[in-house]
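Report on the structure given below.
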């Protein structure tokens, strides 16, 4: 017992530091009583903190008794023990009852209507009597192929059975409200079974999850769960788990199965086979043909592998390790098994294919007692990887109006809003406008407060959008919407917020519409609300057209009170007219112990009511009432769920609680809202008793007060937020809004500042660091110093162009040695970092090579050396193009085609190592137009790295965001007196996109250096103040030198408003002047705003060692840290697309 306790403590501590902000992927742990009991592993030992789903494996197929089918009593008792243990320890973990059935058993059952009904009835017993959360059907060996033991009709009857089970599961969900039950289906990974036995589209349509069984893989490999099949020279390759994904998984997906429904099975065991070595050679080392194999659990295996005599091997195709040793009788033994490297590759595949998650088979197969090191080492790793996979959820933040009652009292000005995680800021709120004659006018103080917020946001970000929310009582809106004159007055007032105060969107907060017991308006609100929204929609569309490139939006705050939803909204019309509906959590029906319940609490009545019985299932709860919006036709992507970062304190008389069915809300004499920043300290005080509301899915605390009263506080924590975010993802909402950003622990009184905001935010782009041995060596910066926690990719800059030796092309030996040092250091410190080999070449080098078949072949062969011998993960071509060679466009594509084929071949040779082709692209406007066939280049390359040093040098800043307009001495037709140059990153990066390059393939280069130029100030008027024209070359200064240099006396600071960069100037003794342009946090912020706005795939830092690596001027790596954090704050592509969808209808 002590060992079990120690293991559990170790696991909890590990997971505490591994928690991430990712939402969405499932991790299920399977548990077998028959296997677990033999090692003394009780259900109470299952680590529910990493196992949100537990699969009970398994019920034997039910026996037929008359017209019934009955499960074994022993199985039911074992399952009940598991459920009881889980319910006692967790309010969120779900238990899945898996039902095994042979091909024959399920073929007979599915082909008979009577048998199908009997099985469905038996399944309902598991759900309603034994309290299962989900049913999994494990139909073993369907079909009648050589591995199937069923019938050719299984494809048809399987669907019929699943239809009956679907109906039964749906009925069970409705019979006990707020307990959504699920139907899972275990499927084979054998290619023959997949081809013949499944109607994949129908199966995936009917079930909630498809669990992919790794034990069914075609066993013709060296390892038992191979990622890819080993090629067979005499026959065709097959069989691997990337037969799941590369072939089989894609079969399921191609046939219409949503990847999010698929859960990959991962077995925590090895397979031992004893065989005759002399026969192994004949069978090409396929020992699976010689021995059936014995399961060895990970907890036993880790000790077995420590014995002497084993020879370790890695199966490059299978993506798994195995060991061999000779036995005394002349036989040999082989064990294939999982380790962290093989699991990493499988999890890479899960993430790449966007599967719904994994299940671990079995949790007690792991090293549960830590006999070989850390307890639960493999489960902990898998849990961490699942949690690290980014979410697909969009994100919006709500900020309160700048008023003494809220932000001002906290000394929280608009400048404190963390715009890096707030792509939208909602100003709450304008008071309803007053009527002055035939006009409606907003309060001047509200307008001033809003203007301050807009000004602050605009000064700090080009991409954040500000939403003006308009509060109004039911009477305000009812009176306005029901009169044409009032509507005409209200609409111009609202549009003035867009055009005069520069709002990006308008939100209508129509409080308590309708005339139900929760509404204070009119029974006609359903009709007049639509009329008002129609008028506003037209006005907002007109505002968008009046100022081009500024699409304005119309938002609507919706209630979550069931009576209001039912009576006050014509939801289909509302959702058709607005861009987003913000679902207000404060409007949830207040009959619960917690203030924002996920589900309503059932009410047990003292007597039975016709059609209801003695239990009333509450229609309250976020899950139920958000679903009403969807069911009435509102697209989920338009819905934004409100999440309040606060708690509610209620003081009540404990003696009255039994009389109101424990509904403390009904008897609370006081109700006070507590912000999270206050709450986190309050609940740490002595005397509180902690509890979890299993229906509301929120925590609360209680304590006794002196006057015989008691106090209750319900609040949000990371567990309750996780469940709400699970719902957001499951229902595929457009995102969330936080109410309010300054309600969080903004100053870090209880730990990390903005803890809950940080948790709710999702992340996702590539961050690449370039490294040059020739530049790093003089400053003593070794490859071991690279901060791999930030640099997920490292670009080695660079191999010199290979020299020609007869018909070969050879890279420099010294470059190869330097590259090997970088690779060796990276591999030793990280399993995930990828190293890119960059190849420099002049235009002449590449043109000569690309225009000759012989040279292209030789170059490709040299590239293969970098991939296969030096272990590069990717190749980057730095073709320093010239506009003078007209044939570059054609021969460049030919060379890239040859390289693409070579990289694809290299990826297949070592299957689990996908290699990439990168291309360094210019940002000079003339070269983009003349030298690149952009569409073909981007089609062939995996990434295009946009080189910041190639920007047109006609600016005062060396990496300008926009080109500086030039005033001409005369007017030119079609141009006028002012010429707007097409230089600047914003313009030239857009060229790549406009020519057909996918933004996700573009990586913007950011140089961590400045450029110093010496010039004669008297000549400036003759070159229109373009210092680059007087000193075109300049001197590069690394950030680590620059940060101290510009602190010297004599410098004058300035900001280039067009280039969006800082520069300093000073006079020199010889009558010359010096100017240095450089990057700082302000210029980097604007570049990152552009990266986010254009949805680039990421950035690369040029060079990592150019930063202030030793902290001479402050924090080491200050720029790198800032850029990495900004990049992580950009939502993943899916969430980002939803967040910025500006189209209506």
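In our numbering, the protein residues as written are 184 to 1328.
Ideal Cβ placement from N, Cα and C applies to all residues, glycine included.
In the structure shown, the three-state DSSP call for residue 335 is coil.
In the DSSP assignment, residue 764 falls outside any alpha helix (DSSP H) and lies within the beta strand (DSSP E) extending over 763 to 766.
Residue range 805 to 814 is occupied by the alpha helix (DSSP H) that includes residue 808. In this structure, the alpha-carbon of residue 955 lies about 10 Å from that of residue 1021. Residue 805 is not a Cβ neighbour of residue 908, given a cutoff of 9 Å.
Residues of the same chain with a CB within less than 6 Å of the CB of residue 241, apart from the 5 flanking positions on each side, are 281 and 283 in chain order. When secondary structure is reduced to three states using DSSP, residue 340 falls in the helix class. By the neighbour-count criterion, in which a residue is buried when 16 or more other Cβ atoms sit within 10 angstroms of its Cβ, residue 596 is exposed. For secondary structure counted as the beta strand (DSSP E) over 3 or more consecutive residues, the region 954 to 1012 holds these complete runs in sequence order: 976 to 982, 986 to 988 and 991 to 993. In this structure, residue 265 sits near residue 214, with a CB-CB distance shorter than 9 Å. Residue 523 and residue 235 have their C-alpha atoms some 22 Å from each other. In terms of Cβ geometry, residue 1060 and residue 1002 do not form a close pair [threshold 9 Å].
If the five residues before and after residue 292 are omitted, its C-beta is found closer than 6 Å to the C-beta atoms of 298 and 302, all from its own chain and listed in chain order. In this structure, the alpha-carbon of residue 1291 lies about 33 Å from that of residue 531. For residue 1278, no alpha helix (DSSP H) segment is defined, and its DSSP state is neither H nor E. Classified as exposed, residue 816 has fewer than 16 neighbouring CB atoms from the shown chains inside 10 Å of its CB. In the same chain as residue 1054, and ignoring 5 residues on each side of it, the C-beta atoms closer than 7 Å to its own belong to 1006, in chain order.
The Cβ atoms of residue 615 and residue 632 do not sit closer than 9 Å to each other. Listed in chain order, the non-local C-beta contacts of residue 646 below 6 Å within the same chain comprise 1272, 1275 and 1276, local neighbours out to five positions each way being set aside. Counting C-beta atoms within 10 angstroms of its own C-beta, residue 1252 has fewer than 16 neighbours from the protein chains shown and is therefore classed as exposed. Membership of residue 306 in the alpha helix (DSSP H) is indicated by the continuous run 296 to 311. Put simply, the backbone Cα of residue 619 is about 32 Å away from that of residue 607. Going by DSSP, residue 368 is part of the beta strand (DSSP E) stretching over 365 to 370.
With respect to the C-alpha of residue 1089, the residue from 1224, 1058 and 1119 having the closest C-alpha is 1058. When C-alpha distances from residue 674 are compared across 737, 920, 708 and 707, the shortest belongs to 737.
Per the C-alpha coordinates, the member of 753, 344, 734 and 677 positioned closest to residue 714 is 753. Between the alpha carbons of residue 516 and residue 354 lies a gap of roughly 52 Å. The beta carbon of residue 380 lies closer than 8 Å to those of 325, 326, 328, 331, 333, 337, 338, 341 and 371 in the same chain, with the five residues before and after it left out. Residue 1048 carries a helical assignment under DSSP once its states are collapsed to helix, strand and coil. The beta carbon of residue 1187 sits closer than 6 Å to those of 1129, 1274, 1279 and 1282, all from its chain and outside the five residues before and after it, given in chain order. Pairwise C-beta distances place the region 534 to 546 in contact with the region 214 to 223, as three or more of them are shorter than 8 Å. Separation of the CB atoms of residue 860 and residue 932 is rounded to 6 Å, and the pair is thereby assigned contact status at 8 Å. DSSP places residue 1228 inside the alpha helix (DSSP H), whose first and last residues are 1222 to 1228. As computed with DSSP, residue 1239 is found in a beta bridge with 1244. Cβ contact annotation for residue 208 (same chain, cutoff 7 Å, sequence separation greater than five): 539, 540, 569 and 572, in chain order.
Around the C-beta of residue 1264, fewer than 16 other C-beta atoms lie within 10 Å, and the residue is accordingly described as exposed.
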